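Peer 1: If you scroll down you'll find the structure; I have some questions about it.
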Amino acid sequence: MELERISLAIEPDLLRKFDRILAESGVANRSEAVRDLIRKRLVEEEEDPKAESAATLTLVYDHDTRELADRLVEIGHEHHASILSTLHVHLDHDLCLEVMALRGRRRDLRRLAGQVLGLKGVLHGGLVLSSLDVLTEVTR
Numbered sequence: 069m070e071l072e073r074i075s076l077a078i079e080p081d082l083l084r085k086f087d088r089i090l091a092e093s094g095v096a097n098r099s100e101a102v103r104d105l106i107r108k109r110l111v112e113e114e115e116d117p118k119a120e121s122a123a124t125l126t127l128v129y130d131h132d133t134r135e136l137a138d139r140l141v142e143i144g145h146e147h148h149a150s151i152l153s154t155l156h157v158h159l160d161h162d163l164c165l166e167v168m169a170l171r172g173r174r175r176d177l178r179r180l181a182g183q184v185l186g187l188k189g190v191l192h193g194g195l196v197l198s199s200l201d202v203l204t205e206v207t208r
């Protein structure tokens with residue numbers, strides 16, 4: 069991969085904080101960290117609802133909520149083409165964590181996330197999207 073060298077000016081205190089985060093996270097170097105930040109921003113800015121995306125949908129829910137497990141299974145079957153895999157973890161006697169690996173159009177994945185996160189008994193969750201089109205463009 070061909071790289072272009074750039075330089076930037078940054079406040080000393082901001083750089084110290086950035087370096088501390090890098091040291092704690094194990095990122096190889098500042099250049100890799102900046103490339104990661106740029107990629108992340110490009111993915112966030114992707115607005116094409118038809119863009120092919122990969123995503124994770126994470127939710128924490130109370131498994132005792134009436135009919136919630138059945139609704140999650142129904143939604144899973146309705147969206148079987150978008151759900152690649154599901155991880156289910158029992159956090160304690162009442163709470164479950166579920167992580168879904170997804171692939172599809174951004175619009176469809178957002179719709180799926182809205183259906184799931186809007187269910188009664190889902191206490192917390194979020195969708196993280198990665199635009200495959202943007203990632204392919206910036207890594208080539």
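Under our numbering, the first residue of the sequence shown is numbered 69, with each subsequent residue one higher.
We treat Cβ as the ideally placed atom computed from N, Cα and C, and that holds for glycine.
What you are looking at is a predicted structure, and each value in this text was computed from that prediction instead of being measured.
Would the segment 171 to 186 count as touching the segment 101 to 119 if we require 3 or more Cβ pairs under 8 Å?
Peer 2: Segments in contact, yes.
Peer 1: Determine contact between the segment 156 to 164 and the segment 120 to 138, defined as no fewer than three beta-carbon pairs at a distance below 8 Å.
Peer 2: Touching, yes, given that three or more Cβ pairs across the two stretches are closer than 8 Å.
Peer 1: Counting only runs that start and end within the segment 156 to 202, where is the alpha helix (DSSP H) found for 4 or more residues in a row?
Peer 2: Taking only runs of at least 4 residues, the alpha helix (DSSP H) segments lying wholly in the segment 156 to 202 are 174 to 185.
Peer 1: Does DSSP put Asp-138 in a helix, in a strand, or in coil?
Peer 2: Here Asp-138 sits in helix by DSSP.
Peer 1: Assign Leu-110 to one of three DSSP states: helix, strand, or coil.
Peer 2: Reduced to three states, the DSSP call for Leu-110 is helix.
Peer 1: In three-state DSSP terms, what is Asp-87?
Peer 2: Looking at Asp-87 - three-state DSSP - the assignment turns out to be helix.
Peer 1: Between the Cα of Arg-88 and those of Asp-138, Ala-101 and Val-196, spot the shortest distance and give me the residue it belongs to.
Peer 2: If we check each option's Cα against that of Arg-88, Ala-101 comes out closest.
Peer 1: Between Thr-124 and Ala-169, is the Cβ-Cβ spacing less than 8 Å?
Peer 2: Yes, they are a contact pair.
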